[in-house]
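Residue numbers (this note's numbering): 1 to 109. Every residue gets a Cβ at the ideal spot worked out from N, C-alpha and C, and that includes glycine.
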């Protein structure tokens, strides 16, 4: 599993749809990616992590999550977002795994 780090730029999805996209700017490459995700669970996770996300009319309020830095990875099959953790809530083990992974990539491993 590859651990990535980036800043949330936006969330694209609509209430009642199954698929959404978390738009993330990669911390290493600065590339912007639209990461496919399960719409409802992702919005609820954003709300739980950052608050001020779910509006009364069930839309995602960008003020709650935009510009937040996260560690994230794709799901087991690599098709949709597997999960994310706000950088400020990351465990020492997660940070160490991310740093070790970067070192391996730089060494060509």
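* Asked: Are residue 33 and residue 24 touching if we call contact CB-CB under 7 Å?
  -> The residue labelled residue 33 in the question sits at position 33 within the chain shown. The residue labelled residue 24 in the question sits at position 24 within the chain shown. Closer than 7 Å, so yes.
* To do: Starting from residue 50, follow the alpha helix (DSSP H) in both directions and report where the run begins and ends.
  => Along the chain shown, read from residue 1 onward, the residue named residue 50 stands at position 50. Its alpha helix (DSSP H) spans residues 39-50.
* Among 91, 87, 100, 78, which residue has its Cα nearest to the Cα of residue 36? -> As a first step, residue 36 is located in the chain shown; it is residue number 36 there, counting from the start. The candidate whose alpha carbon is nearest that of residue 36 is 78.
* Please report how far the alpha carbon of residue 50 lies from the alpha carbon of residue 96, in whole angstroms. => Taking the chain shown and counting its residues from 1, one reaches residue 50 at position 50. Taking the chain shown and counting its residues from 1, one reaches residue 96 at position 96. Cα-Cα distance, rounded: 23 Å.
* Inter-residue Cα distance where the pair is residue 58 and residue 46 -> In the chain shown, the residue the question calls residue 58 occupies position 58. In the chain shown, the residue the question calls residue 46 occupies position 46. So the alpha carbons of these two residues sit roughly 13 Å apart.
* **For residue 35, the residue or residues it bridges with in DSSP** => Residue numbering aside, residue 35 sits at position 35 when the chain shown is read from its first letter. The partner list for residue 35 (beta bridge, DSSP) reads 22.
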